[in-house]
Amino acid sequence: MARRTLGRIRTALLAPVLAFGATLGLAAAPAQAAVWNTCAQWGNTTLNGYTLYNNIWGRGAGAQCTWANSGTNWGVWADHPNTGGIKSYPNAKKVVNKSITSLSSLSSSYQVRVPSSGSYNTAYDIWDTDYDYEVMLWVNYNGAVGPLGTAQGSVTLGGHSWNVYKGRVTNPDGSYHDVFSFLRTSDSTSGTVNILPILKWIKDTKGWWGNETIGDVQFGYEITSSAGGLDFFTDNLTVSAS
């Protein structure tokens, strides 16, 4: 199943989304007192060096609220209909702004709890500063979702085994960007990913890009459907670069 990608087109208002009041936001938050919550389509905040986005960007979306206890401990409640097409990508972003060759390390640890129903993937979304390239690392996925592009074989990198796909997206303004998707060969809800060897493999082994400057590393939930309301919990997330 083809998927929409997550770059600059997210900033365009692609479809009307209902506005939700503070009551829904509080109901969607966990029992403990969250320091921040929002049900706004583009609601965002910065906590502990991470930027959190509610980020409801797809057509036909339903209700969604994001809450956070910190930049590394947050969650999402989403009620999107059982229709095709990605509805949202609530996420936490860490800015890197370093070229691949100037990085000595880039890694991330994650611990999540995800529903057994619905259609979604839990994924890193990594962009260069010019938004010409997008690297997605799917650590788990469920339901009617699939990567963009064609299969490029399998590889073991960064502590995980992946099935690799390569595709291209034409943006509404006529520009395009390439997408490299790495789908973990088995689902995982916790672990550490050594991201830098993956970026170097794309550059040095495959020659799919040059010495790109990595703008930011995002981690979140690309949700296609979650009818009836489903919860996604990020119990811990850290991104480290040097």
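Read in order, the letters of the sequence shown are residues -33 to -1, 1 to 209 in mature numbering (1 follows the signal peptide of the UniProt record, and there is no 0).
Note that CB positions come from ideal geometry on N, CA and C, so glycine has one too.
Can you give me the C-alpha to C-alpha distance between T(-11) and S66, rounded to a whole angstrom?
In this prediction, T(-11) scores a pLDDT of 36, lower than 50, which makes its location untrustworthy; the coordinate-derived value is nonetheless stated afterwards. Whole-angstrom Cα-Cα distance: 44 Å.
Does the Cβ of T191 have 16 or more other Cβ atoms within 10 Å, making it buried, or fewer, making it exposed?
buried
For L166, report the span of its alpha helix (DSSP H) as first-last.
I162 to K167
Which of helix, strand or coil DSSP assigns to T205
strand
On the three-state DSSP scale, how would you describe K173?
coil
Suppose contacts are defined by Cβ-Cβ distances below 7 Å. Is D198 in contact with W3 by that definition?
no
I190 (DSSP reduced to helix, strand or coil):
strand
Can K167 be considered in contact with the ligand ATP, in the sense that its beta carbon sits closer than 6 Å to one or more heavy atoms?
You won't find the ligand ATP in this model; it holds no ligand whatsoever.
When you compare only the Cα positions, how much space is there between G116 and R135?
7 Å
With 7 Å set as the bound, which would you pick, yes or no: does the beta-carbon of F199 sit closer than that to a beta-carbon of chain D?
In the displayed structure, chain D is absent; only one protein chain is listed.
Cβ neighbour criterion (16 or more within 10 Å) applied to S80:
Here residue 80 is Arg; the residue named in the question, Ser, does not match the sequence. Classification of R80: exposed, given that the 10 Å Cβ count is below 16.
Whole-angstrom C-beta distance between A194 and P48, which should lie under 8 Å:
6 Å
Cβ pair count under 8 Å reaching 3, the stretch 143 to 156 against the stretch 100 to 108
yes
Do you know how far the Cα of W129 is from the Cα of A59?
23 Å
Where S86 and I53 are concerned, what is the direct C-alpha to C-alpha distance, given to the nearest angstrom?
9 Å
Could you check what DSSP says for S69 in three-state terms: helix, strand or coil?
helix
Should T5 and N21 be called a contact, given that it needs their Cβ atoms to be closer than 7 Å?
yes
Endpoints, beta strand (DSSP E) assigned at K133:
H127 to T137
I165 and L204 - do their beta-carbons sit closer together than 7 Å?
no
Please classify E179: does DSSP put it in a helix, a strand, or coil?
coil
Backbone secondary structure at I23 - three-state DSSP:
strand
With a CB to CB cut of under 6 Å and the five nearest residues on each side skipped, what residues in its chain are close to I93?
V102 and V184
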